[in-house]
Every structure is written in structure tokens, then in C-alpha cells.
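A.B. asks: Quick one: structure below, then a few questions.
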Amino acid sequence: MTATTGTLTAVDTRTGVAGPPRRGLQARRRRRLQAFRGVVLVVLGLFFLLPLGAMFEFSTRGVGEGAPRTMEAWKRIVTDQELNPAIIASLELAVITSVVALVLMVPTMVWVRLRVPRLSRVVEFLCLLPLTVPAIVLVVGLGPIYRWLDGHIGGSILTLFFAYVVLVLPFVYRTLDTGLSAIDVRTLSEAARSLGSSWPTVMLRVIVPNMVAAVLNAALLCVAIVMGEFTIANLLQYVNLQVAILQLGQADASLSIATSLASLIFAFLLLLILSFAGRRTRRTGKDPSPASGSTPSAPADGAQDPVSAPVLTPIVEEI
Amino acid sequence: MATDIQLATSQRSAVEVRLEGLRRTYGTVTALDGLDLTLHPGELVALLGPSGCGKTTALRLLAGLEDSDGGRVVVAGQDVTHVPTNKRDMGMVFQAYSLFPHMTALDNVAFGLRLRKVPAAQRRARASEMLELVGLSAQANRFAHQMSGGQQQRVALARALAIQPTVLLLDEPLSALDAKVRTQLRDEIRRVQLEVGITTLFVTHDQEEALAIADRVGVMRAGRLEQLDVPVAVYGSPATSFVAQFVGLTNPVPAIVENGSALVLGVRVPLVDPATPAGAGTALVRPEAMDLRQLDAAQAGTEAGAGTVSAISFLGAVSRVSVDVPGTGTMIAQLPTADVVDLRPGDRVVLTVRPDPVLVTRAAAAR
């Protein structure tokens, strides 16, 4: 550094060049990077939005040449007698599948981590297995079971949740595994136990609140998979949303396309809600899992410890 | 305020803790081999030992976090061997940071009270009291990731004490901290423990930590206690060669035991263990129990303990002088720095010992 007329000017020690030109170079690089980002965003946005725009355009076409645009197909999504039960059934299945998968998997995965870690590979293998079995093959095995279910507890479409829980297992497993890896499950549960917590309390008050983002992600994946599932429902002769869309497509293409687009928008909305929920947990420091994107930054001991630093300096707030 | 806190936290009188013949194996590895240990009411006992000696296993068995293969855990006269962790009423501070990340410091401290259904106002007051006890009132609303490691461990200590446990268990709570904070927090733990007057088991592999704050230090090896005594005795009169070598530095010096004393480097010194059998052995001498005398160039230096200075380490008020003694090896003498200012590596010196009691073992074999 050189001092000139009372002001300090930064000098690059390698080149001897004063600071401002280097800052200019960095600014140019930053601008170029921002422009590149913008181009990528626009190209990708068009790639995704053009088909959706086309779907919307098709679903709002009037009947006959030169007919004005109409939202008739969109209105019929909620009033169509064939579509409505399918939408409700798919939504119910999505909720039931999410709840059952999470209730089944969260305690199991925590238990395996704490008590029988040697079984973690086995559990992982079992959970990922459905990924390797095509849905059509799965149906061959599920067929007799569903015939039995039809005969004994009725042929409700909601019984599909048994199959769907198996279907979502790999995704739920992976998401929860990431969430659990981000926290020290053993220490937290032992600390809670030593303070007097029962196992359900440990689970509900300590483990789950620290992996909210992972649980939400898993639930979203469940909803997305169930709402988009076609093969199993169709082969087992149930009419869920996707089967109904296919059937409608043959009779009323506008309604079919409008429904498809609506289900996509529904998925986007869910993603948005999840994103806001994740941001909220980050703001309150509630979720340390990487799924939430939180980056804990504990202050250094020497700097922040009141014992080592008699005068407390305020810790930089993350919020 | 400290008095109020002391009154509040000392509502229960301190209890005696006994570990009786505790055994624990992991496959073919024996972690605890019939451990017997008694903690007197209000006492802080530090378990010290190398990695894998079983000290953490002993603490976890006492906490109920693991099941024993044999033996009993008795707290206040009651056998709690098969009582689950959450019913044992013990406060614990872990080696890893264990604050619940989704709760503030205050909520963390109040967690145990909430489980005990303490009314909200009382809970808050008590949690605030505990945070004040550990000097963190100002951090009450911070989350774990907004606190330093030292602060987190202090909150963990407050959380463990808030439930008024019968026993406090500290599982290497300072090992993740840097040296300066570790020393300060170590003293603070002792201060709080004395104020609260709670029976405490402190597990550490840091001998300085154990010697500095414990009422008694237990040195463990291979699942058993080698020695349990006050720090001065463990350091000054080690019961076994393992204790002597593990706690502090020792110089193995050839010695001859006869008539209830030992002849070490030409000096007759008393024995730690008067029952040591007569004959040749190895005396384990602390560096501070050694002395040295500089030889002139003219002096041959053929007497026992004669050697050459190989290094001098300045430690502040004292310095450590390493001396290569032919036939014995390198020995270390710790002396006031003022006494060694004239010494240089390569100087010829003669080592002697001060007439303090020494432990003599047969050759290099541990007892």
C-alpha cells in the first residue's frame, strides 16, 4: 500500500497496479456473468413455457373457425361429472400416500440410524427396489392382491395407496436420508432422552422439527408422483386423474389439455408453497438440513465467547 | 443472585453414585471389565484415560444410554441399572454440540422443564436463571448456529442443570473447543458444579483438565480403574507405571531398591510403594523432580546421570532440558528458566534426582 496526500490507495502486490483498474475488470466480469445468466434464464424459460403456452392456447380455442377464445374447458374442470371424482380421488390418494409414507419412513429411518445402523444398507436396498421394477411388472404382482381387496374390503380407488406407498418409497427414502444426514440424530436424541423425553417426544419435538424441509420435500414428491400416476391405476382399472385425462382426451381434447395444465400449475403452486415454507424455517433457524439451504455460521469461539472477550460484541445476525 | 441460584438448584441434596462390577463388551472387545467406582455426594470425579479405555462407556452406562452386560448402577441407594434414560433424572453435556437447532437458547434450557410440565412462567424464570448462572443471559434468544462452540456448551450445561438432576454427566464437553476457551470453560464448569453442589462424573482424555477441576481423578486402562485418588496423589504418587506414564511426563531411570528405599542416579529416595521388592528396577521420575549440574570441560563426567544437553524448550517460567544419557536414553529435566539461561545444546551436565518418593517398577514392565 502507498500513502498519498493522506489517502490510502490499494496496490496489487504482484503487478504493482493500483486498485481501481482491477475493480473495473471485476465489474466487467460480473456484468458478463449476469448477462450470461439472463440469457440462460430466458432460453430455459422459453423452453418450458412455450409448450405450456401452447397447451393454454389450445385449451382456450373456441369451437369452429374464427370463434372467439373461451375459458369453457377450464370451467368444466370443476363441474365435469367424470373428471371431478377422479380429481378428488387423486387428491385423497396424494394425501393418504404422503401421510402413510412419512409415518412409516421417518420413525423407521431414525430407528435404523440409532439402533441398527448395520441394517441401513438393507433398508436402503429395499426402499430403492421399486425404482428398478417397472410399474407394469409391479401390477402383475399387485393384481391378485387387488382382486382379493376388491372381494373383501370393496373396490375403492383409495386402496391404491398401498401400491403408491411402494411407488414413492425410493423418493421418500432419499429425501429423508438427506435430511437426517444433516443433523446429528444420535446426539440430539440422546440429549432429549437424558432430559426426560420419551421416544415419541424425541421424534415429534426434536427430530422432525429439524428436518421440516426434508419432510416437506418428501411430501411434495409423494403428491407429484401420485397426481401423475397412470400405469398402475389404468391396469388395475381404477380411474384416477391421469386415467380420466386420457379418457377425456378421446372425447374432449380441450378439457383434457386444460386439466393437464391445471395439474401442472397445481404442482408449481405446491413447489412455491414449499419454497416459502423452507424460507420461513431458514429465517427462524429452524432447519439445519441442506434441503432447506441453511448455512449455519457459528461465530468463532475466541471472538464471541464472553469469557474470552470480556466486552461482548454483537454477533452478526443471519436474519 | 448467585446465592439465589445456588438455593434454587440445591433443593435436592447431592447423592452417592456407585458403579459395581460393570461389564460391557462390543463383540470381542471388552470396553468395561468389572468397573467399580463410587462417587461421593457432591463430588466431581474425572475419568481419565486413553481412547478406548472404557471411560465414555462407563458414563453412558451410568446415563442409561447403553445396557451393561453385568454389574449394577446404584444412585442414592437405588438400583437404576434397568431404568430407562429418560427416567434416570441425570443431566448430561455431550462432546458434540447437542443444542436443539430449532430452539433458542432459552427454549433449549426450558425443554426439560416443559417435559416435566412446569408452568410456563416458572419455566421461563428458571431457564433465565440457569442462563445467568452460565453467563449467557444476553444470548437467551439466539439459536445454536448464532452462538460460538463455547456458548453452545455453556447453554448445554445450563440445560442439563435446569432439570435439577441427581447427577451431572460431562462427556468430554470441552474437546471440540479451542485451547483458550477450553481452559476458561473448564474453570466455569467447576465453579457452577461447586455452586450447585451436584455429584458429577466428568470424562476426559485431557489430563490437565482432569487434574485441574476434579476432586478425584480415576485413571482407566482396558476397562478397569488403575488408580482413583485426589489429583495430587495421582500425579505425585502414581499407583502403577501406566498411571505414571499417562499422567504427566516421566523419565525411566535405572534404580536399585534396597532397605525400603531406592538408589536413583546416586541419590537415595523413598519409595511410593514401600512393598516394592528389593533388586534392580526402573524408577519413574517426573521432570520437575530432576536436577542438573553443569560440568566443566575438564571434568570427565563418568558418574551416573552424566550426559549431553540435546535441546532446551522454553516454557515461560520454567524450561525443559533434554539430556542424552549414554546407556539410558534421553531424559528431561524441568527447571526454573533462570537456572538454565547459561545452558546450550552440547553442554555436558550431570542429572540427579530430588529426594521425592518415586515409583519403581521391574524393568519396563507395567504392573
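Residue numbers (our numbering), protein chains in the order written: chain A, 1 to 319; chain B, 1001 to 1367.
Ideal Cβ placement from N, Cα and C applies to all residues, glycine included.
Do the CB positions of Asp1324 (chain B) and Gly1307 (chain B) come within less than 8 Å of each other?
C.D. replies: In this structure, Gly1307 (chain B) lies closer than 8 Å to Asp1324 (chain B) by Cβ.
A.B. asks: Rounded to whole angstroms, what's the CA-CA distance from Leu1131 (chain B) to Asp1342 (chain B)? Just pull it up for me.
C.D. replies: The alpha-carbon atoms of Leu1131 (chain B) and Asp1342 (chain B) are separated by roughly 52 Å.
A.B. asks: Tell me, please, whether the CB atom of Val206 (chain A) is closer than 8 Å to any CB atom in chain B?
C.D. replies: Cβ-Cβ to chain B under 8 Å: yes for Val206 (chain A).
A.B. asks: Who does Phe1202 (chain B) pair with in a DSSP beta bridge?
C.D. replies: In DSSP, Phe1202 (chain B) forms a bridge with B:Ala1046, B:Leu1170.
A.B. asks: Along chain A, which residues have their Cβ under 9 Å away from the Cβ of Phe1202 (chain B)?
C.D. replies: Residues of chain A passing the Cβ test: none, with the nearest at roughly 15 Å.
A.B. asks: Around the C-beta of Ala1278 (chain B), are 16 or more other C-beta atoms found within 10 angstroms, so that it is buried, or is it exposed?
C.D. replies: Answer is exposed; the Cβ neighbour count stays below 16.
A.B. asks: Which value, in whole angstroms, describes the spacing of the CA atoms of Phe1094 (chain B) and Leu1263 (chain B)?
C.D. replies: If I take the Cα positions, the gap works out to 47 Å.
A.B. asks: Check the Cβ-Cβ distances between Ser194 (chain A) and every residue of chain B, and say whether any is below 8 Å.
C.D. replies: Yes, Ser194 (chain A) counts as interfacial toward chain B.
A.B. asks: On the DSSP letters alone, give me the boundaries of the alpha helix (DSSP H) that Gln1153 (chain B) sits inside.
C.D. replies: Its alpha helix (DSSP H) spans residues 1149 to 1162.
A.B. asks: For Leu1315 (chain B) and Pro1336 (chain B), I'd like the C-alpha separation in whole angstroms.
C.D. replies: Straight-line Cα distance between these residues: approximately 10 Å.
A.B. asks: For Asp1291 (chain B), I'd like the list of residues in its chain whose CB is within less than 8 Å of its CB, leaving aside the five on either flank, ordered along the chain.
C.D. replies: The residues are Ala1333, Leu1335, Leu1351, Thr1352, Val1353, Arg1354.
A.B. asks: Does Leu188 (chain A) have its Cβ less than 8 Å from a Cβ in chain B?
C.D. replies: Yes, its Cβ sits closer than 8 Å to a Cβ of chain B.
A.B. asks: Going by CA-CA distance only, name the one from B:Gln1153, B:Pro1254, B:Ala1317 that's closest to Ala191 (chain A).
C.D. replies: Taking only the C-alpha atoms, the option nearest Ala191 (chain A) is B:Gln1153.
A.B. asks: Thr201 (chain A) versus chain C: which residues are under 8 Å apart at the beta carbon?
C.D. replies: Here chain C cannot be found, since the structure's protein chains are A and B.
A.B. asks: Buried or exposed for Ile1213 (chain B), going by 16 or more other Cβ atoms inside 10 Å?
C.D. replies: Buried, because 16 or more other Cβ atoms sit within 10 Å of the Cβ of Ile1213 (chain B).
A.B. asks: List, in chain order, every chain A residue whose beta-carbon is nearer than 7 Å to that of Asn1086 (chain B).
C.D. replies: Those are Arg193, Gly196, Ser197, Ser198, listed as they occur along chain A.
A.B. asks: Ends of the alpha helix (DSSP H) at Ala1105 (chain B)?
C.D. replies: Unbroken alpha helix (DSSP H) run through Ala1105 (chain B): 1105 to 1115.
A.B. asks: For Ala1311 (chain B), which residues from the same chain have a beta carbon less than 7 Å from its beta carbon, with the 5 sequence-adjacent residues on both sides left out?
C.D. replies: So the list reads Ser1322, Pro1345, once near-sequence residues are dropped.
A.B. asks: Quick one: list the residues of chain A neighbouring Ser1051 (chain B), beta-carbon separation under 9 Å, in chain order.
C.D. replies: None at all; the shortest Cβ gap to chain A is about 19 Å.
A.B. asks: Quick one: Cα of Asp1206 (chain B) to Cα of Lys1180 (chain B), how far?
C.D. replies: Straight-line Cα distance between these residues: approximately 14 Å.
A.B. asks: Check the Cβ of Asn217 (chain A) against every Cβ in chain B and list those closer than 9 Å, keeping chain order.
C.D. replies: Per Cβ cutoff of 9 Å: no residues; Asn217 (chain A) is ~17 Å from chain B at best.
A.B. asks: Output, in chain order, the set of chain A residues within a Cβ distance shorter than 9 Å of Pro1041 (chain B).
C.D. replies: Result: empty, since nearest Cβ-Cβ is about 21 Å, beyond 9 Å.
A.B. asks: Select from the segment 1097 to 1122 of chain B all residues with a C-beta closer than 7 Å to any C-beta belonging to chain A, and list them in chain order.
C.D. replies: Residues passing the 7 Å Cβ filter: Ser1098, Phe1100, Pro1101, His1102, Phe1111, Gly1112, Leu1115, Arg1116.
A.B. asks: By Cβ distance below 8 Å, which residues in the same chain neighbour Ala1317 (chain B) in space, the five residues on each side in sequence not counted?
C.D. replies: So the qualifying residues of the chain are Pro1336, Thr1337.
A.B. asks: Beta strand (DSSP E) containing Asp1178 (chain B): first to last residue?
C.D. replies: Element bounds for Asp1178 (chain B): n/a, residue is neither H nor E.
A.B. asks: In terms of DSSP beta bridges, what is Val43 (chain A) paired with?
C.D. replies: Paired residues: none, contrary to the question.
A.B. asks: Tell me where the alpha helix (DSSP H) around Ser120 (chain A) begins and ends.
C.D. replies: Element bounds for Ser120 (chain A): 120 to 132.
A.B. asks: If you reduce the DSSP assignment to three classes, tell me which class Ser1051 (chain B) lands in.
C.D. replies: Coil.
A.B. asks: Please check if any C-beta of chain B sits within less than 8 Å of the C-beta of Pro209 (chain A).
C.D. replies: By this cut-off, Pro209 (chain A) is an interface position.
A.B. asks: Less than 8 Å between CB atoms is the rule here; does Met1092 (chain B) satisfy it with respect to chain A?
C.D. replies: Interface residue, yes.
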